[in-house]
Structure formats: structure tokens, C-alpha cells
Amino acid sequence: MKQRFNALDIRATVVNLKERLTGLRLQNVYDVNSKTFLFKFGKPDDKELVLIESGTRIHTTQFSREKSAMPSMFCAKLRKHIRTRRLTSVRQVGVDRIVDFEFAGGDNSTGYHIIAEFYASGNIILTDHDYRILALLRVVQNSETARMAPGEIYNMDVTLHDFQKVDADKLKQVLQKAGPKDTLKKLLNIGFEYGPAMTEHIILEAGLNPNAKVATEFDSSDDSPALQDLLVAFGKGDEMVASTANTVPKGYIILLEANHADGQRTIDGEEQKDVEIYDEFHPYLYRQHASKQYLEYPTFDGAVDQFYSAIEAQKLEMKARNQENAAVKKLEAVRREQQGRVANLLDQQMSNTRKAQLIEYNLDLVDASISIIRNAVASQMDWLDLKELVTEEKRKNNPIALMIHDLKLNTNQITLLLSDPDEAISDDSDDSDEDDDEDNDDEDKPTKKQQQVYKVDVDISTTAFANARNYYDVKKSTAAKHEKTIAATSKALKSAERKIRQDLKETKISVSINKIRKPFWFEKFIWFISTEGHLVIAGRDMQQNEILVKRYLLKGDVYVHADLHGAASVVVKNKPDSADLPIPPSTLFQAGIMSVCQSKAWDAKIVTSAYWVYPDQVSKSAPTGEYLTTGSFMIRGKKNFLPPVQLVYGFGYLFKLDESCIGNHVSEKRQLEEEEDADAALTKNEQDVSVGAQGDEQENDDEQIDDASLKSSGTPVEPSPAESVNDSSDDDSSDDENAFPDTQLANNSPNSPTNGSKQNGDNDTKEKEWNKYDLEEYGEDEDSLPSFAQEQPGDKPRVRKAMISAKERRDMKKGIKATDTGSDTPPQADSTAPSQPKPSKKPNSNTNKKAEAKQQPPAPVRGRKGKSKKIKEKYADQDEEERLLRMEILGSNKGPQPKGKKAKKQAQEKAEKQALEKEREERRKQKEADSESAALVKEPETVPGPMTNDQKETEDIRQMLKEENITMLEGEELANLTSLDSLTANPLPEDVLHFAIPVCAPYPALQKYKYKVKLTPGTLKRGKAIKQAQSVFLTHQDTTAREKELIKGVPDMEAINTMMSKVKVSAPNLEASKKKKAGRR
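Take the sequence shown: its letters are residues 924 to 2004, numbered as in my numbering.
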């Protein structure tokens, strides 16, 4: 396996580094281990990581690695001198394995150099602009040609300047130095700087054997064809080397033949998969590797990164595999131990039962043996004499003495040799039958089988029956223990397996090295995506607020802020394809929630509102004599305040989709947006019609009341200044100001301090309010207008109106009066009495609420409940339209019926409403018809007429992708795609997901997220809040394995930086996840 870089590898890498790193600043330096350092270069929106291992390798990397918590002394020295320096050049020193990084100097300092050596044990050296050594990684002993110590000058002139072409004379000189056993490959590798791989390629290109002995098998004369072929091959090799001078070469990884696993299994019982092993990496595909398996990469730098990262991953995988094998062996040992316990208890049961049965079969002999030994012991006979007596009786073939095997008088026991008599009888009968069938010649063959004898210990203090009972009691207790052991075996195995898995999980080594994802440009800010798909970004501090407004607040966007200390400057970015359209209200409301929640209102739990303005209202120029600090801005013009917001935030995850899966989600987004636009248009039309009709109805009521007042008093009545101010303020604060936020009321005579001027100003205001409804198009003439809408002939004596209650105001609005008798004309009032006041267009909401609260529910009437029940059953199938028609036919409408222009207006309003409903229904039907006909129309469009080759290929590709559940986007849709379209909160099971992104946003914006939790002001810190949220997400019932992997793969610091502080986490299954986690412990 190739372990380190050669000169050609250095040459190919330097070309790539020069192209990618020149002009970038060194952001930081990290030490991965004592010999490996990670250099982080960057500029805004561009980061590059360069990994340098002293003496081994140098390349950029896309994989994350663990860094040391505390930098080493050499790393701290590098940070001190070259951090934030701009890299001006990268070059290879001659043809040697040395790379020189040159950094520009600062204001008061000169430049610096980082020299990385990749031969022998390698070294990394920091020098100044004169190559005077400031620090070095490895201390090297001084030689005659170079001194390596701080303060010495690094010698840059000891290497060749470039690869020199090979000519015939130089080749002959190298070949003439060959020894008797030197091969052609070895000799050329030592004589030239091409490296072993390129040297072997050149020899094979010349058609020669690399292992040929030069002294005996190679002709090095001038006319030798082998020498000429070798010179031609060296020329081709020089061309390959020259091709990498200014162009980035491709990379190739050569693979070893797959080694099959030896049948080992994991702890889950699965077979271990084969490991793909990398062997070598090269910037060219050499001739000797063309027949092997290899992987091709766009750049040599990418191939090296993949090679070494995979090598590290393979080492980690082997460690993890060894850990798992040890865990499997440990679990197997526990299983064998449990099985041995069960088998031992079963053997004890069988043994005790057998012993008890043998005692019962030989009951008389056992009792005789016990009696003899007991009597001997009772007579105080010496134990040794007793033992000799038994031995003597055995010689005399005493059957009782032959049964006694041993005396255990210290435990008051004797060991008897017992056999089963039934077994002996059956054996005798079998032997007799065999003897009848056999010939008489077989006299030497035994006629009896040897009986099996068992050793049984009996107690001499009890009888034979008592000994048998003792064995049966032991068998019963052993049987009970056996059952308990069997019942506990499964639990013990599960407990042991769980403990082993937990230990394996705690000490498990991560097999894969995660690839570093490239963050989006807006992730450095606080951000979220609104429900309408608008990007909302806010600054984390004053500097970011400054950058946000100066760089990203463009025409068509909206600036949102709150008048609170610490409130963030929020920018709502408009969509590129709809820059001229206004921002939806829901998006503005969500941006207001962000601005308030990111302020001190979160900690103080203050409910307040934010405001929004246009970009041209945000200025950095302060008034004369004042100044604006960093992150502060001047708002000129009107502030459009949003409704008060609740302090409810949320945390969730977005997932990055593969390009092939974006089409499935883009079509859904487009469909939702179209439906929302259609509904919004219909709602707007309805509101316009209802506002117009409401204005007409209110004006008719006002007209009737004004006519009554004129008839009663005989003189025109003008409202008092106080009443006019109140009316205008009520109207402006309710409907008019919300509908027309930019409308400003101008006073025609601002310099006049009299009441009459103030009244004229109020009348002008009322004229504007009247004209904005455009009632003239409904047929109103000037004579029928109310008094304040007509031209006033100068100053008239004002008459104060009488105060009316809220109930009277509502009755007057409905057209009902207390003295109404059903006639069209109101009754005449006394001339001395004050005229009836004119009601305002919209009563005060506070007054209405108080009046409704004061209204008591009507007293229940006897029998009305049953009557209403019968009416409900009778007219259960009757809809509202049918009921209105029947009531109209019956003429059951009580009270005065509208006549004249008011009746015409009501009829016109009803007709417009019906027309609007009809139009809405037609639109829905048309939309359904279009969707149904779209599929029918597509087929005839593709079938008739011959298709071109491009169309056929496109259609074939579309069908192939459709079979794989991949939606192919058209050219216009592809052109309108943005980076936000590749993010989804609801991934489909067939989606290919790359990574997960944590999002902290207002809770209304997360309503459709698959993974979300609610955040409210609390005391929880960020780290614990993240753990609680992840426990909820990982126990989600619809979570897939890939989604779990991506959520777990999010770095802790990235998630913690996204989460808000001092929160309380709420979720539907939060308690269940806590219980589940506690149960696992």
C-alpha cells in the first residue's frame, strides 16, 4: 500500500492548491495530532481546509476530523505569526518533495513562509521573508550542508529546478552502474526523479520487463532497439509530467482484490460485509494499473482526500469490528454459562432420582449394611479396625461387604455399590436367547453383560427408606431451582446483552468520517423560512445588523423591528420571481414574532408588537447634532405596526434534498401557492363588495336619521367639534387605518386657532371618508347626501346632540326606533327638544362589548323549548336559501320594509353577492376541469406527428425517472429554482437526503414541519433543550433510519448555536420520550 507522496504527487497537488488557495487568508491552524496540522483558509462564503501531515501527505479535505482541545506549542507559534495573513503563492521547491507557502506581511511586518518537507521523517518549518527559521516542528541534527535551528537560514538552492529530460548519454551512464543483481526498475528509479510508479510505466510502455537483470538481460549498446524504445518511452513520460505544470490532473485510486469475510457475524447476527481496500493513488492511470480495479476522480486532490479518509475509516472500522467481535464472544460466554447451569441442575435431578430408586431396589441389603456399620460404630470399634474388617469380609465374598465401597465415618456416611436387579434380569434373558442361537463352538464368549454399578452415599443414622426420601427431597428442590433458572435464563441473557450493547455503545468508535457540508450564506444569521416560502433573516449582534441592512436589504424587501432593547433587525427577503409583489401579512407577522422574541421581551415575558417599513425608509444618516451607533438605523416616515405577538417560538429540522428529489416537493409548493393566491383573490373581492355594501347601508341609515333631525328642528344640525373628533378617531383607529395605512389626514387651515377652523378640518376629513367609498356610482345624488357631505353655507349655530345609549345606537344602526309603528316616516319631535344625533358609521367596539355584557339572557318561556324542538325536526332538511325563499313568499318579514333607493341597493347587493358566489363556483369548476383535461390533453400532444430524437430522448428519460418516483422539472421551473427549494421539512420515504439543518423560528412558521417542538420562556439552557428536542425527534413514530442518522449527525455546537436560551420545551410526546429514556436506563 502506498503510504506517502512522491515528487510527481507533490507537483500535481501544488497546481490544485495554487488555483484554490491563492488570495485566501489563513483563518486558523489546528493540530490533529503531533504530526498532522489542519490549515483553515477562507474569505466570505468560501472556506478551504488543507491537511498537512509531516513527511507523508498534503491535500485539501472535505471531511471533519477531531481536533486537539489545547493547541501545541508549535501550533500556537503558527497562529501567532501567520493567522489572518493572506496566502500569496504556493510552489514546489524544484523537483524535490518540498512545498513553500508564502504569506503576505502586515502593516508593520514582512511576509512569512511555511515550508513543508515530505521526505524521510518530514518537517514543517516557519520562516520569515528571508527564510530565517523562526520555528520548526522536528528538531534535526545539523549536517555539513545544512543547519536546521531557529535563527539559521533555510537553504533553498540544494534541489534541482525542474524535471530534466532524459537523453541517451545519461541513460547509458545510469545503466552502466548496474550490479549483477540489479533490476531495470530499481536502477532507473534510483537514477531519475520520476518515482517507482512512473518508472515502471515507462518500462512497460517500452515493452520491456521491469524485473529484467540489466547486467545479463538488457542490451545497452548504441544500436540496441531496447535502448531506443526506452528513450521514446521516457519522452512520453516527460510529456505526461509537463502536462501537470498548469492544469489540474485527474486522480486515480487503485483497489486491492476484495477479501471475503471469514463468516464472522455481528452482535445482531448479521454477516460482516466485505471491506473495500484502497491500495495506491496516482495523478495518472499508469500502464501497470489499467487492468486492475480503480476509481477515477475529477482532481488528484480529491482522490487523495478520499484515499486517506477511507484509510482512516478502515482503521476505525477494524477497531470497531474487533470491539464487536469481543462483545460477541463475551455474550456467547454468558450464554454458555447459563446453559451449563441448566444442564447441571438437570443432571442433579436425574442422579438423585436414580440413587433413590437404587436404594429402593436394594432395600434389604442397604438396611443390613447400615445396621452392621452402625452397630460397629456404637460398640466403639476403631475406624481403622472396622475398615480392615470390611476388607477381610470382601475377601470371603460376603455380599454385604462387597456392597460397601468406602467408609465416610467423619460425615456419618458410607458409600454403597448398588445396581438395578431388573436390568440384570433383562440382560440374563437376552443372553440366554443369544446362547440358543449361537453354535457351541463359541464357548469362550461371555454369556453375561457386565452390570452397571452406581456409587450411592447413605446416612447410617437413618433407615434405607429415609435415605431414599432424602434423595427425593433433594430432587424436588433441584427441580424447583431448575425451573427458576430456566425462567431467569432469558432475562439474564437479555440483561447481559443489554449491558454489553451499552458498553459497546459507550466505547464504540465512529466508523465513518463525516463530510463537512458547505453552509448556506444565510446560516451565519438568525433565519427561518416563512409559511409562504420567504426567507427571513435577522442579525445576531450589532455588527451583523449593520451588515444585514447594508448588504442584504434590497428593493422589494421589508425591514421589521421592535421598539425594544436588544430587538433584532429583521429583513424579509422577497422572492426573486415576485419582487414587485407585496410581502404576505402572515410572513410579516412571523417576522414580527422573531424581532420581539429575540429581544429582552423574551426574558421579561412582555407581550408587545413590532412594525415594518420599506427599505427606503431605513437610513444610516442621523439628524443634525446626533449620531447612530453600530447596528442602529434611522426610520423616516410612517411605521406600520403589526398586531401584538405571543412569545411562542419553535425548534425543528430541515433536510437537504438531492437534486433528483426536488421536483417532488417543488410541484407541491407551486400547487399550494396557486391555491393560496386564488383564495386570496376571492377573499379580496368579497371584502370589496361587503365594504361597499356596508358603506351604502350605513349611509342610508345616517340619511334617515339626518332627515328626522331636520324635520324636527327645521334648521340644519352640525356636529360639535368634540363629537367630530371622536367620530373620526374611532373610524381611523378601526377600519380605515388598517385598510389604508399610508393615508394621512391634512388640515386645510393649520394656522387658524378658532373652533370653526377645527370644525372645517373635521368636515374635510368626513368628506374624504365619504368619498373613499365612491357611493356616487350607486346612484346617489347630492341632495340625498348627509349634511356633513354637502357644502355648508358658512357658520351656523351649533346644537348639541342628546346622548344615546349603546342599545339605542345599535337599534338605530339596524333601522329600528323605539317609537316606530311601522310607518315609513318617523314621528315628529318637539321643536324645543334636542334633535336626534347622527350615529357614527361604526360604533365603538368597547362600548359594544360593555353593552353585550350588560344584556341579560331572556327568561325562558314555558313550552317554547318543546315548540322549538318540533320546528327543528320539521325543518331539518331545509337549507338557508329555501328558508329565505319561503319567508319571502309568505311575506312574514316584520317591521318596516325598505323602499326606494335603499331597496334598490339591497337588491343590487344581493345580486352582486349571488354573482360573486356563482363566479367562485365557476372558478372552482374551471380549475377542476383544467386539471382533468390536462392529463387528457397531454397524451394527444405527444402522440400525433413524428418526434425528433431530442424529444424522444427527453420522453424516455422522463419515463425512466417516473418509474423511480423522480419528477423531472421543465426548463422554466429549473430556471426559477432557488437554494430554498432544495430544503424540505417533510421528507418523503423515497427522498435522497444529504444532511439536516436545525432551525429556530416562530412556531406558526413550523406548523407543517415533521420534526418540531414548541419553545416558551423558561429556565432551560440551550444544551439541555437540544437534548430534550432530539429525544422527541428520535422517538417519533414516523422517523426513518436515514432521518435519525442525519439528526444525530448534526454537530452539537451547530444545534446549540441555533437554539434560544432560557426556554421551556413542549411537545405532544415529550413525557413519553422521557419515560422511554428512563426505562432504557
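Note that the Cβ used here is the ideal one computed from N, Cα and C, for glycine as well.
Predicted, not measured: the structure shown is a model, and the values here were computed from it.
- A direct Cα-Cα distance of roughly 9 angstroms separates M993 from D954.
- The DSSP-derived three-state label of Q1801 is coil.
- Nearest C-alpha to N956 among L947, S977, Y1482: S977.
- S1501 carries a helical assignment under DSSP once its states are collapsed to helix, strand and coil.
- One alpha carbon belongs to K1579, the other to D1464, and they sit about 27 angstroms apart.
- The alpha-carbon of A1402 is positioned some 38 angstroms away from that of L1309.
- In this chain, the alpha helix (DSSP H) harbouring F1512 covers 1508-1520.
- Counting every other CB atom within 10 Å of its CB across the protein chains shown gives F1574 a total of 16 or more, marking it as buried.
- Under the three-state reduction of DSSP, L1929 is assigned to helix.
- A residue is called buried when at least 16 other Cβ atoms come within 10 angstroms of its Cβ; W1525 meets this threshold and is buried.
- Per the DSSP secondary-structure output, E971 pairs in a beta bridge with F964.
- For R1002 against V952, the beta-carbon gap comes to about 5 angstroms, under 8 angstroms, which counts as contact.
- In this model, Q1280 and A1391 are separated by some 7 angstroms (Cα to Cα).
- Judged by their CB atoms, F1443 and L1471 are not nearer to each other than the 8 angstroms cut-off.
- Taking a cut-off of 8 angstroms for Cβ pairs, the region 1338-1347 and the region 1384-1399 do not touch, as fewer than three such pairs fall below it.
- S1166 is classed as exposed because its beta carbon has fewer than 16 other beta carbons within 10 Å across all chains shown.
- If you check the CB distance, L1577 and V1922 come in under 8 angstroms.
- Separation of the CB atoms of Q1466 and T1552 is rounded to 11 angstroms, and the pair is thereby denied contact status at 8 angstroms.
- Taking the Cα positions, K1473 is about 22 angstroms away from S1902.
- Here S1044 is exposed: its Cβ has fewer than 16 other Cβ atoms, across all protein chains shown, within 10 Å.
- Judged by beta-carbon spacing, V1955 lies beyond the 8 angstroms limit of A1924, meaning their Cβ atoms are not closer than that value.
- Residue state for H1212 is assigned as helix, using DSSP reduced to three classes.
- Following the DSSP letters along the chain, one finds P1119 inside the alpha helix (DSSP H) bounded by residues 1119-1128.
- Nearest to V1300 by C-alpha distance, out of I1383, Y1220, D1290, is I1383.
- Listed in chain order, the beta strand (DSSP E) runs fully inside the region 998-1055 are 1010-1015, 1021-1026, 1035-1040, 1046-1051, counting runs of at least 3 residues.
- Counting only residues of its own chain and dropping the five nearest sequence neighbours on each side, T1907 has a CB closer than 8 angstroms to the CB of L1577, F1578, L1580, H1588, D1914.
- Cβ-Cβ distances below 7 angstroms link P1507 to E1455 in the same chain, with the five nearest sequence neighbours on each side left out; the list follows chain order.
- Within a 10 Å sphere around the beta-carbon of H1212 sit 16 or more other beta-carbons, which makes this residue buried.
- By the criterion of a C-beta distance shorter than 8 angstroms, Q1513 is surrounded in its chain by F1451, S1453, T1454, V1459, A1924, P1925, P1927, A1928, once the five residues flanking it on both sides are discounted.
- Taking 8 angstroms as the cut-off, the Cβ atoms of A1135 and L1154 do not count as close.
- Excluding five sequence positions before and after E1128, the CB atoms of its chain that fall closer than 7 angstroms to its own CB belong to A1156, K1159, R1210, given in chain order.
- For R1463, there is no enclosing alpha helix (DSSP H), since its DSSP letter is neither H nor E.
- The alpha-carbon separation between I1794 and E1811 amounts to approximately 19 angstroms.
- Remark: C-beta atoms of H1484 and S1518 approach each other more closely than 8 angstroms.
- Minimum Cα-Cα distance from I1047 among the listed residues G1028, A930, D1023 corresponds to D1023.
- In this structure V1936 does not touch A1919 by the C-beta definition: roughly 15 angstroms separates them, more than the 8 angstroms allowed.
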